[in-house]
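Here the structure comes first, spelled out in structure tokens, and everything after it is commentary.
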């Protein structure tokens with residue numbers, strides 16, 4: 201990685217989407233990393249933005265009876281408002297409808313065309329309207345695509361396969377090009393099959409909202425070929441060579457795992473054809489789940505980050521999202537876990553430490569931070585731990601272990617709290633005031649260094665802490681606090697939150713408030729009898745069990761959040777009801793191929809079983 205500069209990007213978000221916790225997570229992650237690198241003295245470019253072309257945008261504008269550009273202009277502020285509320289420090293916000301981007305897309309198309317990698321051909325096959333691309337028969341059979349129709353038309357195609365071996369070689373010789381490792385393995389597996397040519401155009405006869413092909417005005421550019429190019433547009437390609445040479449290649453493309461193929465296959469082969477260097481790393485994070493299920497607008501379980509911020513503040517939301525997800529894996533959001541994390545880490549460990557220090561300094565030292573004097577062994581141990589912590593956090597963040605870095609900081613904070621308890625400066629001051637002053641200075645300096653390390657995650661509350669300590673040093677070195685300064689009054693950094701019944705769940709956007717379905721919808725649900733034949737706990741997930749169920753001749757793997765109520769052995773042989781036609785989802789890295797029916801109240805959960813345990817598995821339930 202280029203250590204002189206740091207260029208990080210988020211995906212450009214689809215303009216028709218409502219911003220949700222997934223968008224917030226990726227953008228906060230990019231913000232944390234960019235703040236960290238700025239604090240390290242590196243020049244940083246942080247890019248986010250919007251994808252504004254394509255058939256779905258054109259249709260949405262038509263439905264509203266407005267021009268597509270007007271539609272985009274009215275939709276875009278939803279994202280910019282959220283980024284402002286989340287205190288996102290992006291350096292650039294790109295929209296694919298900007299002229300600067302259109303020019304670059306056409307330039308890249310010209311380069312790829314001149315290189316002989318684009319050709320015109322007639323194609324007949326299956327087209328997914330929702331995904332705006334042609335799909336294979338196998339993809340159609342997977343059930344992952346909607347609005348499929350037969351389509352025959354002339355289009356332009358990119359010879360992606362020309363660069364398949366070069367991409368395989370690049371991945372092999374650059375171990376960090378695709379991260380984490382299991383996502384790299386996905387792509388290497390994908391590349392074992394020949395790459396199909398990529399359709400990169402749409403005829404204006406059915407879609408005119410896009411960037412016109414420079415070599416054929418009857419067509420516009422396929423939305424993904426257009427959107428991916430934003431990363432080099434913002435870096436200065438074709439407009440500022442000095443800027444482009446400075447920032448490119450990007451240090452990190454941060455993406456969700458659902459768009460891994462477009463970024464790890466489409467994008468590098470496009471760059472190879474255009475003879476442009478590849479980005480240094482593509483990092484695919486997991487999904488945020490709610491109640492162990494993928495958040496989905498259609499399911500009505502999309503968390504509104506605006507509501508969370510209004511209720512609990514921006515820094516606690518940023519902290520929770522960074523602390524709770526192991527990068528590369530899925531994470532489960534519950535309001536209960538959010539509040540537990542807030543009260544334990546932020547209120548008890550962090551905020552309370554500041555309150556104890558300031559209260560004791562005010563009471564016993566007239567509010568003036570005392571001199572540390574000569575450090576004894578306990579203080580030397582704390583200082584040594586603080587110095588080690590800076591290096592440890594540095595290493596973990598640069599290796600993208602953000603949650604581990606945060607945990608290391610809080611282990612140190614907890615050790616300082618134990619030091620305070622052991623030294624008991626509230627008692628010590630009565631016998632040895634200078635020793636009590638040494639303890640309080642040590643605790644305050646430890647808190648300053650902790651806050652400095654946490655500032656990329658919580659920029660606002662850490663700034664409040666620096667203000668309280670009357671501190672202007674952001675140095676990671678011990679001794680940044682100046683004795684003799686008056687500590688300032690402060691409100692509690694993190695007042696405890698009481699979990700009230702009416703706030704058991706975060707605000708969600710529900711398309712159908714009455715939650716009513718038609719009989720035709722219900723008929724689509726395939727309920728089957730099934731028998732549990734094997735069960736075990738899921739690693740690093742206290743609530744989850746991995747269950748093998750037999751449904752006739754078919755065996756399915758189910759991940760269920762029932763570990764609190766059932767031991768694995770108790771499930772073996774139990775006849776249950778299975779929702780058999782749910783789309784498979786990945787939960788904590790384990791695929792789940794259905795759902796077991798259960799009934800629950802506040803204190804218990806019971807799987808829906810069969811009165812007649814002799815009934816065979818695989819029967820339809822009606």
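In the working numbering, the protein residues as written are 201 to 822.
We treat Cβ as the ideally placed atom computed from N, Cα and C, and that holds for glycine.
For residue i, which residues from the same chain have a beta carbon less than 8 angstroms from its beta carbon, with the 5 sequence-adjacent residues on both sides left out?
{"i": "residue 266", "result": "274"}
{"i": "residue 343", "result": "783"}
{"i": "residue 204", "result": "242 and 243"}
{"i": "residue 580", "result": "none"}
{"i": "residue 213", "result": "219, 223, 248, 249, 250, 251 and 279"}
{"i": "residue 795", "result": "758, 760, 778, 779 and 782"}
{"i": "residue 816", "result": "729 and 752"}
Take residue i as the anchor and find which of the options has the nearest alpha-carbon.
{"i": "residue 349", "options": "333, 738 and 648", "result": "333"}
{"i": "residue 476", "options": "468, 542 and 374", "result": "468"}
{"i": "residue 449", "options": "466, 482 and 620", "result": "482"}
{"i": "residue 760", "options": "734, 754 and 307", "result": "734"}
{"i": "residue 325", "options": "647, 221, 370 and 336", "result": "336"}
{"i": "residue 615", "options": "634, 569 and 545", "result": "545"}
{"i": "residue 419", "options": "405, 432 and 436", "result": "405"}
{"i": "residue 808", "options": "792, 786, 727 and 417", "result": "727"}
{"i": "residue 538", "options": "505, 556 and 397", "result": "505"}
{"i": "residue 351", "options": "368, 366, 338 and 328", "result": "328"}
Cβ of residue i within 8 angstroms of Cβ of residue j?
{"i": "residue 286", "j": "residue 518", "result": "yes"}
{"i": "residue 605", "j": "residue 597", "result": "yes"}
{"i": "residue 681", "j": "residue 693", "result": "no"}
{"i": "residue 543", "j": "residue 697", "result": "yes"}
{"i": "residue 438", "j": "residue 303", "result": "yes"}
{"i": "residue 658", "j": "residue 515", "result": "yes"}
{"i": "residue 370", "j": "residue 478", "result": "yes"}
{"i": "residue 751", "j": "residue 771", "result": "no"}
{"i": "residue 766", "j": "residue 797", "result": "no"}
{"i": "residue 636", "j": "residue 564", "result": "yes"}
{"i": "residue 687", "j": "residue 569", "result": "yes"}
{"i": "residue 268", "j": "residue 409", "result": "yes"}
{"i": "residue 547", "j": "residue 695", "result": "yes"}
{"i": "residue 729", "j": "residue 775", "result": "yes"}
{"i": "residue 465", "j": "residue 390", "result": "yes"}
{"i": "residue 257", "j": "residue 299", "result": "no"}
Got a sec? Which residues, its chain only, sit under 6 angstroms from residue i by beta carbon, not counting five neighbours each side?
{"i": "residue 600", "result": "527"}
{"i": "residue 587", "result": "none"}
{"i": "residue 210", "result": "226, 227, 230, 248 and 454"}
{"i": "residue 673", "result": "680"}
{"i": "residue 395", "result": "360, 361 and 364"}
{"i": "residue 311", "result": "474"}
{"i": "residue 290", "result": "246 and 248"}
{"i": "residue 452", "result": "208, 481 and 483"}
Following the continuous alpha helix (DSSP H) through residue i, name the residue where it begins and the one where it ends.
{"i": "residue 409", "result": "Element bounds for residue 409: n/a, residue is neither H nor E."}
{"i": "residue 424", "result": "423-428"}
{"i": "residue 612", "result": "602-623"}
{"i": "residue 642", "result": "633-654"}
{"i": "residue 445", "result": "441-447"}
{"i": "residue 303", "result": "299-314"}
{"i": "residue 370", "result": "364-373"}
{"i": "residue 507", "result": "505-512"}
{"i": "residue 337", "result": "337-341"}
{"i": "residue 577", "result": "577-598"}
State the start and end residues of the unbroken beta strand (DSSP E) segment that holds residue i.
{"i": "residue 355", "result": "348-358"}
{"i": "residue 671", "result": "Where residue 671 is concerned, there is no enclosing beta strand (DSSP E), given that its DSSP letter is neither H nor E."}
{"i": "residue 206", "result": "205-214"}
{"i": "residue 488", "result": "488-490"}
{"i": "residue 237", "result": "No beta strand (DSSP E) contains residue 237, which is instead part of the alpha helix (DSSP H) from 221-239."}
{"i": "residue 751", "result": "745-751"}
{"i": "residue 397", "result": "No beta strand (DSSP E) holds residue 397; DSSP gives it neither H nor E."}
{"i": "residue 321", "result": "318-328"}
{"i": "residue 293", "result": "292-295"}
{"i": "residue 485", "result": "482-485"}
{"i": "residue 244", "result": "243-251"}
Grab me the residues of residue i's own chain with a C-beta within less than 7 angstroms of its C-beta, minus the 5 sequence neighbours each way, in chain order.
{"i": "residue 592", "result": "608"}
{"i": "residue 572", "result": "638, 641, 642 and 683"}
{"i": "residue 567", "result": "561, 686 and 687"}
{"i": "residue 629", "result": "564 and 636"}
{"i": "residue 307", "result": "438"}
Counting contacts by CB-CB distance shorter than 8 angstroms, is residue i in contact with chain D?
{"i": "residue 548", "result": "Any reference to chain D falls outside this structure, which holds one protein chain only."}
Decide yes or no for the touch test of the segment 522-532 against the segment 222-236: beta carbon pairs closer than 8 angstroms, at least 3 of them.
yes
Quick one: any contact between the segment 453-461 and the segment 348-367, if contact means 3 or more CB pairs under 8 angstroms?
no
Does the structure place the segment 638-645 close enough to the segment 610-626 that three or more beta carbon pairs sit under 8 angstroms?
yes
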